[in-house]
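For the sequence shown, this note's numbering assigns the number 58 to the initial residue and increments by one for each residue that follows.
All residues carry an ideal CB built from backbone N, CA and C; glycine is no exception.
Model, not experiment: these values are computed from the prediction.
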Amino acid sequence: MTPVSPGRPGRLSVVAVERVSKRRGLLAVLVRQRLALTGTILIGAFVIAAIIGPFLVPHGPTEQFSGQQLTGPGRTFPLGTDEFGRDILSRLAHGARISFQVGVIAVGISAMIGIVLGMIAGYAGGWVDSVISLVMDGLFAFPAILLAIALKTALGNSLTNVMIAIGLVNAPSFMRVVRGAVLTVRRTVYVDAAVVTGASVPRIMLRHIFPNITAPLIVHASLNFAFAVLAEASLAFLGLGNKPPSPSWGSMVSASYGVLQIAPWAAIFPGLAIALTVLGFNLLGDGLRDALDPRLRNGG
Numbered sequence: 058m059t060p061v062s063p064g065r066p067g068r069l070s071v072v073a074v075e076r077v078s079k080r081r082g083l084l085a086v087l088v089r090q091r092l093a094l095t096g097t098i099l100i101g102a103f104v105i106a107a108i109i110g111p112f113l114v115p116h117g118p119t120e121q122f123s124g125q126q127l128t129g130p131g132r133t134f135p136l137g138t139d140e141f142g143r144d145i146l147s148r149l150a151h152g153a154r155i156s157f158q159v160g161v162i163a164v165g166i167s168a169m170i171g172i173v174l175g176m177i178a179g180y181a182g183g184w185v186d187s188v189i190s191l192v193m194d195g196l197f198a199f200p201a202i203l204l205a206i207a208l209k210t211a212l213g214n215s216l217t218n219v220m221i222a223i224g225l226v227n228a229p230s231f232m233r234v235v236r237g238a239v240l241t242v243r244r245t246v247y248v249d250a251a252v253v254t255g256a257s258v259p260r261i262m263l264r265h266i267f268p269n270i271t272a273p274l275i276v277h278a279s280l281n282f283a284f285a286v287l288a289e290a291s292l293a294f295l296g297l298g299n300k301p302p303s304p305s306w307g308s309m310v311s312a313s314y315g316v317l318q319i320a321p322w323a324a325i326f327p328g329l330a331i332a333l334t335v336l337g338f339n340l341l342g343d344g345l346r347d348a349l350d351p352r353l354r355n356g357g
């Protein structure tokens, strides 16, 4: 068999093989874990509903049907109607898009802030680490929902401000995860070698540290997405979310509170959508954690 050349092409081929092997191993572990597979299916259904659901539903989310208020599930309205005669299925599909948008943007904001501050704190150490950690721990000490309500009230009533508020609330948790991972990776041999060779700090962070802390970031992002969906629903339930009549799962549950005894379906279906979506991301996060952590994977 021809030996692999020590040149660049050989090293790239070895790295490519290792990456493919890791991806296949990760997929195999996820498939074997029934709970993680269940979470993946639930998330897949949520994403499909958010992307193409609004194009498939029979009615508009704000379309009102006279004389059809609080109609039970049937052929015309598969999930029934609300107190204004609006199709619940159509509102759920459009609400899924809002929840998906909030989750993606809020997690993106949290990740950007948390990664930057966490890498600086973990790599710099000393007083820089102390100051950043003190501020983040102070924010982390507040209940997340209460802090989101305070930020949302200060920023104003719009969907954009909801995403910003949730993103800022979650940034401290991202920072803690990144800082802990950087403290571990910073002591490795390849980072010491990069320092000895005179590599700049940005190069060390981007080329040698960041690629080796992505595993906990992926897990945390999945769990964080679940919190973002739940936080948006909670804010909407309290009247601090998307402005009506735009559909939101939380506002749908809130609006159905007064008719719960005579039209339980108006609260059951949006509540079930919230619960299954949050459950799906939590199950996937746990499965990714088990798959990406060799200690948990090997039972050690």
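Residue 144: not part of any alpha helix (DSSP H); DSSP gives it neither H nor E. When only Cα atoms are considered, residue 330 and residue 100 end up about 11 Å apart. Counting only runs that start and end inside the segment 198-257, the alpha helix (DSSP H) elements of at least 4 residues fall at 201-212, 216-242 and 246-253. In the three-state scheme derived from DSSP, where H, G and I count as helix and E and B as strand, residue 334 is classed as helix. In this structure residue 339 is not in contact with residue 278, their Cβ atoms being roughly 13 Å apart against a cut-off of 8 Å. DSSP lists 143 as the bridge partner or partners of residue 121. In this structure, residue 292 lies near residue 205, with their beta-carbon atoms less than 8 Å apart. Each residue's CA atom was taken as its position, placing residue 95 and residue 210 some 37 Å apart. The beta carbons of residue 118 and residue 304 sit closer together than 8 Å. Residue state for residue 133 is assigned as coil, using DSSP reduced to three classes.
According to DSSP, residue 138 shares a beta bridge with 144. Taking the Cβ atoms as the reference, residue 172 lies roughly 16 Å from residue 226, outside the contact range of under 8 Å. Contact between residue 326 and residue 149 holds, since their C-beta atoms are separated by about 6 Å, short of 8 Å.
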